[in-house]
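In this note's numbering, the protein residues as written are 17 to 247.
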């Protein structure tokens, strides 16, 4: 499922139902968030993801703080690049507010979405740089901004031997693609999957579940796409 609170509720309810029927709880099944499942996969074979056994997972506040630092560093060196996007008739006081507050906030929001989208499409900074160098977008200032902040942010994570939540999903899928025997092991361990809040799954999260269950697997998805929190 999507959130820790939902996983806790499911675990409690399933345990109660089994105990009412005189069965053992917490045996033969697992209740996990999608990010928890990704972590389980990577921990099986972290070397497939290029990680050591001691890798750490950044909390959202820690990842946000690192991103803020990357955005601030980029903006200090490139503040004039975005001037062409501002109206020419802005009053000096309003222009100062935009440059000091509004633009940094907008850059951070844009960079966060850029990085998450790149990771969901398995695009590292190096691979994205290669693709952009052969594209008409290579001179686009917003693309350059996103790539440069992404590269700095990812370098900061690597320096800490850490991954963020988006990396968990990306690297878990990479592990499954690198080693078919790992996929077979997980399919044997989890032959049935029930996914709650399926409307909130990313493309890569869906691919992970589809890989585990296989082409004829037992995968039940529950969710209303009209209530999706991500589009």
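Beta carbons: idealized from backbone N, C-alpha and C, even for Gly. Predicted model only: the values in this text are computed from it and were never measured.
Note down, in chain order, each residue of its chain lying with its Cβ closer than 6 Å to the Cβ of residue 135, except the 5 sequence neighbours on either side. Only residues of its own chain outside the window of five on either side were considered, and among them 182, 186 have a CB closer than 6 Å to the CB of residue 135, listed in chain order.
For residue 20, the nearest candidate out of 32, 154, 42, 53 (CA to CA): Nearest option by C-alpha distance: 53.
Would the stretch 24-43 and the stretch 59-74 be scored as touching if the rule is three or more Cβ pairs under 8 Å? They do not touch, by the three-pair rule.
Is it buried or exposed, residue 124, if we count other Cβ atoms within 10 angstroms and call 16 or more buried? Label assigned to residue 124: buried.
Quick one: Cα of residue 151 to Cα of residue 166, how far? When only Cα atoms are considered, residue 151 and residue 166 end up about 18 Å apart.
Tell me the rounded alpha-carbon separation between residue 48 and residue 104. Straight-line measurement puts the Cα of residue 104 at about 52 Å from the Cα of residue 48.
Which whole-angstrom value is the C-beta distance of residue 211 and residue 236, which I expect to be below 8 Å? Contact between residue 211 and residue 236 is confirmed by a C-beta separation of about 7 Å, below the 8 Å threshold.
Residue(s) in a DSSP beta bridge with residue 171: The beta-bridge partner set that DSSP reports for residue 171 is empty.
Please say whether residue 192 and residue 184 have beta carbons closer to each other than 9 Å? Contact: no.
Nonlocal neighbours in the same chain, by C-beta distance under 8 Å from residue 114, ignoring five residues either side: Beyond the five residues adjoining it in sequence on each side, residue 114 comes within less than 8 Å, by CB distance, of 102, 106 in the same chain, given in chain order.
At the level of alpha carbons, what is the spacing between residue 189 and residue 108? Across the structure, residue 189 and residue 108 are spaced so that their CA atoms are roughly 50 Å apart.
Starting from the C-beta of residue 206, find all residues in its chain whose C-beta is less than 7 Å away, skip the five residues before and the five after it, and write them out in chain order. For residue 206, where only same-chain residues beyond five positions count, the Cβ hits under 7 Å are 228.
Are residue 239 and residue 221 touching if we call contact CB-CB under 9 Å? No, Cβ-Cβ distance for residue 239 and residue 221 is not below 9 Å.
Can you tell me which of the three DSSP states residue 208 falls into? Assigned with DSSP and collapsed to three states, residue 208 falls in strand.
I'd like the ranges of any alpha helix (DSSP H) spanning at least 4 consecutive residues and lying wholly in the stretch 61-112. Taking only runs of at least 4 residues, the alpha helix (DSSP H) segments lying wholly in the stretch 61-112 are 76-94.
Pair within 9 Å by beta-carbon distance, residue 57 and residue 202: Their beta carbons are under 9 Å apart, which means residue 57 touches residue 202 by this criterion.
In whole angstroms, give me the CA-to-CA distance for residue 4 and residue 92. In the structure as shown, the chain starts at 17 and stops at 247, and residue 4 therefore has no counterpart that could be examined.
Using a beta-carbon distance below 9 Å, is residue 75 in contact with chain C? Of the chains in the structure shown, none is chain C; there is only one protein chain.
In the structure shown, what three-state DSSP assignment does residue 246 receive? Residue placement at residue 246 is flagged as unreliable, the pLDDT there being 49, under the threshold of 50; the coordinate-derived value follows with that caveat. If DSSP states are grouped into helix, strand and coil, residue 246 belongs with coil.
May I ask which residues mark the beginning and end of the alpha helix (DSSP H) holding residue 229? Counting along the chain, the alpha helix (DSSP H) containing residue 229 begins and ends at 219-229.
Pair within 9 Å by beta-carbon distance, residue 172 and residue 85: For residue 172 and residue 85, yes; Cβs fall inside 9 Å.
Could you check where the alpha helix (DSSP H) with residue 25 kicks off and where it finishes? 20-36 is the extent of the alpha helix (DSSP H) around residue 25.
Can you give the Cα-Cα distance for residue 31 and residue 51, rounded to whole angstroms? Residue 31 and residue 51: Cα-Cα distance of roughly 22 Å.
Going by DSSP in three states, residue 48 sits in which element: helix, strand or coil? Looking at residue 48 - three-state DSSP - the assignment turns out to be coil, as it is neither helix nor strand.
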